[in-house]
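Participant:
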Amino acid sequence: MLQLNYLRENRDEAVRRLTKKYAQVEFIDQIIALDADRRKTQNQVDSLKGEAGKLSRQYGEFRKANNEAGLAQITAEKKNIDEQVETLSSQLDALEEQLQALLVQLPNVPNDRVPEGKTPEENAVVFSHGEMPNLPETAKPHWDLAAQYGLIDFELGNKLTGSGFPVYRGQGAKLQRALINFFLDRATAAGYLEVQPPILVNKDSGFGTGQLPDKEGQMYHVTVDDLYLIPTAEVPITNIYRDVILKAEELPIKNCGYTPCFRREAGSYGKDVRGLNRLHQFDKVEIVQVQHPDKSYEALEEMREYVAGLLRDLELPFRTLLLCGGDMSFASAMTYDMEVFSGAQKRWLEVSSVSNFETFQSNRLKLRYRSGSDKPVLAHTLNGSALALPRIVAALLENNQTENGIRIPAALRPYTGFDFIK
RNA sequence: GGAGAAAUGGCAGAGUGGUCGAUUGCGGCAGUCUUGAAAACUGUUGAAGGUAACACUUCCGGGGGUUCGAAUCCCUCUUUCUCCGCCA
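Residues 34 to 455 (the working numbering) make up the first sequence, in order.
#1: Go through the region 315–389 residue by residue and report every complete run of the beta strand (DSSP E) that reaches 3 residues or more, in order.
#2: Determine the burial state of Tyr339: buried for a count of at least 16 other Cβ atoms within 10 Å of its Cβ, exposed for fewer.
#3: What residue range is occupied by the uninterrupted beta strand (DSSP E) comprising Lys408?
#4: I'd like to know if the region 369–380 and the region 277–294 are in contact, where contact means that at least 3 CB-CB pairs between them fall below 8 Å.
#5: Look at Gly197 and Glu298 and say whether their C-beta atoms are less than 8 Å apart.
#6: Can Leu135 and Gln91 be called in contact, C-beta distance under 8 Å?
#7: Between Pro174, Leu226, Leu189, which has its C-alpha nearest Arg424's C-alpha?
#8: At a cut-off of 7 Å, is Gln314 close to the ligand FAD when judged by its beta-carbon and the heavy atoms of the ligand?
#9: Using the DSSP secondary-structure output, state which residues sit across from Ser161 in a beta bridge.
#10: Taking the alpha-carbon positions, what's the Ala281 to Gly86 distance?
#11: Just tell me which of Val318, Phe351, Val257 has its CA closest to the CA of Arg210.
#12: Alpha helix (DSSP H) containing Lys192: first to last residue?
#13: Nearest to Ser458 by alpha carbon, out of Leu178, Lys248, Leu355, Gln181?
#14: When we look at the beta-carbon of Val255 and count the other beta-carbons within 10 Å, is it buried (16 or more) or exposed?
#15: May I have the straight-line CA-CA distance separating Lys97 from Val78, to the nearest angstrom?
#16: Which residues in the same chain have their Cβ closer than 8 Å to the Cβ of Val118, if we skip the five residues on either side of it in sequence?
#17: In this structure, what does DSSP give as the bridge partners for Ala421?
#18: If we require 4 or more residues per run, which alpha helix (DSSP H) segments fall completely within the region 91–131?
#19: Spatial neighbours of Ser329 within its chain, please: CB distance less than 7 Å, with the 5 preceding and 5 following residues excluded, ordered by chain position.
#20: Val321: buried (16+ other C-beta within 10 angstroms of its C-beta) or exposed?
#21: State the CB to CB distance for the pair Asn144 and Ala332, rounded to an integer number of angstroms; the pair is presumed to be in contact (CB under 8 Å).
#22: With DSSP run on the structure shown, which of helix, strand or coil describes Asn416?
#23: If we ignore side chains and look at the alpha-carbon of each, how far apart do Gln57 and Val137 end up?
#24: Within the same chain, show all residues whose beta-carbon is closer than 7 Å to that of Ile270, passing over the 5 residues directly before and after it, in chain order.
#25: Considering only DSSP beta bridges, list what Glu227 is partnered with.
#26: Please tell me whether Arg296 and Asp305 are closer than 8 Å, where the distance is taken between their beta carbons.
#27: Taking the alpha-carbon of Asp226 as reference, which of Thr152, Leu260, Val323 has the nearest alpha-carbon?
#28: Assign Gly239 to one of two classes, buried (16 or more other C-beta atoms within 10 Å of its C-beta) or exposed (fewer than that).
#29: With a 10 Å radius around its C-beta and 16 neighbouring C-beta atoms as the bar for buried, classify Pro264 as buried or exposed.
#30: Excluding the 5 residues flanking Arg275 on each side, which residues of the same chain have their C-beta closer than 6 Å to its C-beta?
#31: Once you ignore the five residues that flank Leu67 on each side, which residues in its own chain have a CB closer than 8 Å to its CB?
#32: If you measure between the beta carbons of Tyr261 and Leu233, is that distance less than 8 Å?
#33: Rounded to whole angstroms, what is the Cα-Cα separation between Ser123 and Ala69?
#34: With distances taken from CA atoms, which of Asp45, Arg345, Arg49, Pro442 is nearest His162?
#35: Is Ile454 near Tyr182, with beta carbons less than 8 Å apart?
Spelled out as structure tokens, the structure:
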């Protein structure tokens with residue numbers, strides 16, 4: 034959520050920058066007008082309440098003095114004030130509701146380095162690494178390989194749950210576990226504190242990181258207890274710091290965590306959902322940082338470089354995209370996507386998204402830090418996938434297929450305990 | 001799931017109807033003293049809205065109510081603790 038102060042004091046800039054995100058910029062002027070109205074009404078309510086307080090204290094004194102006439106007068110005056118307060122308060126509530134309703138619909142303002150553009154095709158490729166795999170024409174897509182080696186059973190998942198909930202078996206299951214451990218060990222070595230959060234969260238948490246109300250339909254909602262299955266570990270991990278005032282010297286906070294992730298993916302279809310390309314449940318290791326505002330873009334680059342290191346070690350060809358305004362997420366100010374090339378499908382698959390949210394999340398979370406005895410200031414939050422498993426598995430299987438089985442990259446072998454899937 | 005107790009500032013812990021945003025201790029910060037540190041002493045120390053700055057308003061787990069007036073009384077929800085039941 035954008036800060037009212039920012040909109041009030043930088044109206045033109047906000048319009049310019051939000052235009053790049055194709056946001057409803059007309060909301061900005063409506064918000065500014067509502068806010069002015071709100072403050073005026075708030076002031077009126079406050080001074081009336083101040084009057085009421087004075088009267089109450091006077092009432093006590095009059096009663097001690099047995100001043101019956103005075104008591105009657107105060108009661109009458111107080112009643113008059115209460116009526117005014119009630120009227121103004123309901124106006125104030127209505128104004129705040131309208132203000133909030135508009136405010137939560139405005140996405141974060143993109144950083145000025147974010148390229149113009151509306152569609153994924155307009156994202157800027159800023160970095161590429163690795164050779165394109167040189168596979169024979171007979172190379173198989175991962176769903177065929179998964180069946181051939183008994184790694185993943187998509188049909189069985191249909192039976193147990195529904196489409197998009199595969200069952201991993203044998204070396205397929207072991208590979209999952211190996212990747213999770215590999216990612217967690219690397220993140221821990223890079224200074225991230227490992228946490229194991231709940232995978233069901235309440236509404237406040239969903240709101241704090243921006244999934245609610247914007248993406249309500251993308252989450253599984255457990256209605257009996259009004260809880261949501263997390264779409265990413267970002268939600269519980271970042272919400273650890275909801276309503277927290279950190280000391281400046283505690284920054285940066287670096288957390289990582291493995292969780293399953295659940296996404297309804299309503300409206301997806303076709304080749305995008307084939308095999309492991311898009312699932313309703315998948316595994317992911319997430320990295321999260323809470324940063325000083327002056328250092329958050331430095332941290333974003335550091336996180337991008339960290340994820341790139343993982344992909345290099347997995348020997349996967351990848352490219353890094355700087356997302357254009359139209360393709361960025363609601364809450365992000367700047368996002369890098371990392372895509373690996375999956376050799377048999379011959380397509381790029383997004384495996385990581387690394388974003389700086391600046392104060393967009395922390396404003397909702399009330400996540401602040403304090404230098405010395407200064408007033409608390411909103412911190413910046415960042416996160417990135419490091420990494421999401423399914424598409425990594427897809428690319429590993431496809432790119433490393435040989436006549437004699439599927440080769441496991443050297444970095445993973447200590448974790449899998451085998452060199453080849455056979 | 002049943003019965004009982006509790007929820008106050010970073011922490012501990014007072015406060016049961018009136019000027020209480022809240023005694024006190026610890027912790028934090030600043031100062032005195034000291035070559036420096038410790039100890040001691042002095043002062044200061046919650047958040048939000050609002051203002052040029054004050055003023056002012058709100059917040060004592062959440063919500064609602066009683067009252068001229070609520071941290072204090074009532075209702076309700078949530079959470080924690082103790083006991084019982086069930087259980088990976």
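We treat Cβ as the ideally placed atom computed from N, Cα and C, and that holds for glycine.
Facilitator: Reading it off the structure:
#1: Fully enclosed beta strand (DSSP E) runs of 3 or longer: 351–355, 367–375.
#2: It is buried - the Cβ of Tyr339 has at least 16 other Cβ atoms within 10 Å.
#3: No beta strand (DSSP E) contains Lys408, which DSSP labels as neither H nor E.
#4: Of all C-beta pairs linking the region 369–380 to the region 277–294, fewer than three are shorter than 8 Å, placing the two stretches out of contact.
#5: The beta carbons of Gly197 and Glu298 sit closer together than 8 Å.
#6: In terms of Cβ geometry, Leu135 and Gln91 do not form a close pair [threshold 8 Å].
#7: Nearest of Pro174, Leu226, Leu189 to Arg424, Cα basis: Pro174.
#8: This structure lacks the ligand FAD; in fact it carries no ligand of any kind.
#9: Under DSSP, Ser161 takes part in a beta bridge, and its partners are Arg352.
#10: The straight-line gap from Cα to Cα measures roughly 39 Å.
#11: Of the candidates Val318, Phe351, Val257, Val318 places its Cα closest to the Cα of Arg210.
#12: Following the DSSP letters along the chain, one finds Lys192 inside the alpha helix (DSSP H) bounded by residues 187–193.
#13: As shown, the chain starts at 34 and ends at 455. That puts residue 458 outside it, with no answer to give.
#14: Of the other Cβ atoms in all chains shown, fewer than 16 fall within 10 Å of the Cβ of Val255; this residue is therefore exposed.
#15: Rounded to the nearest angstrom, the two C-alpha atoms are 29 Å apart.
#16: Excluding sequence neighbours, Val118 sits near Val78, Leu81, Lys82, Ala85.
#17: Note: Ala421 is bridge-paired with Lys317 in the DSSP secondary-structure output.
#18: Positions of the alpha helix (DSSP H) runs, each at least 4 residues long and wholly inside the region 91–131, cannot be given because no such run exists.
#19: Non-local beta-carbon contacts of Ser329 in its own chain, meaning distances under 7 Å to residues more than five positions away in sequence, involve Asn389, Glu391, His413, Leu415 in chain order.
#20: Answer is buried; the Cβ neighbour count reaches 16.
#21: That belief does not hold up - the Cβ atoms of Asn144 and Ala332 are roughly 13 Å apart, past 8 Å.
#22: Assignment of Asn416 by DSSP, reduced to helix, strand and coil, places it in the strand class.
#23: Using only the alpha carbons, I get a separation of about 12 Å.
#24: For Ile270, same chain residues with a beta-carbon under 7 Å away, outside a window of 5 residues either side, are Val228, Pro230, Asn288, Gly290, Glu319, Val321 in chain order.
#25: DSSP, once it has assigned bridges, lists Cys289 as partnering Glu227.
#26: No, the pair does not count as a contact, with Cβ atoms beyond the cut-off.
#27: Here the sequence assigns Leu to residue 226, which means Asp is not the residue at that position. When only C-alpha atoms are compared, the closest one is Val323.
#28: Gly239 should be labelled buried.
#29: Pro264 comes out buried.
#30: These residues qualify, in order along the chain: Gly241, Leu398.
#31: Cβ neighbours of Leu67 beyond the five flanking positions: Leu128, Gln131, Leu132, Leu135.
#32: Contact: yes.
#33: Rounded to whole angstroms, Ser123 to Ala69 spans 16 Å at the Cα level.
#34: Ranked by Cα distance from His162, the options Asp45, Arg345, Arg49, Pro442 are led by Arg345.
#35: The Cβ atoms of Ile454 and Tyr182 lie closer than 8 Å to each other.
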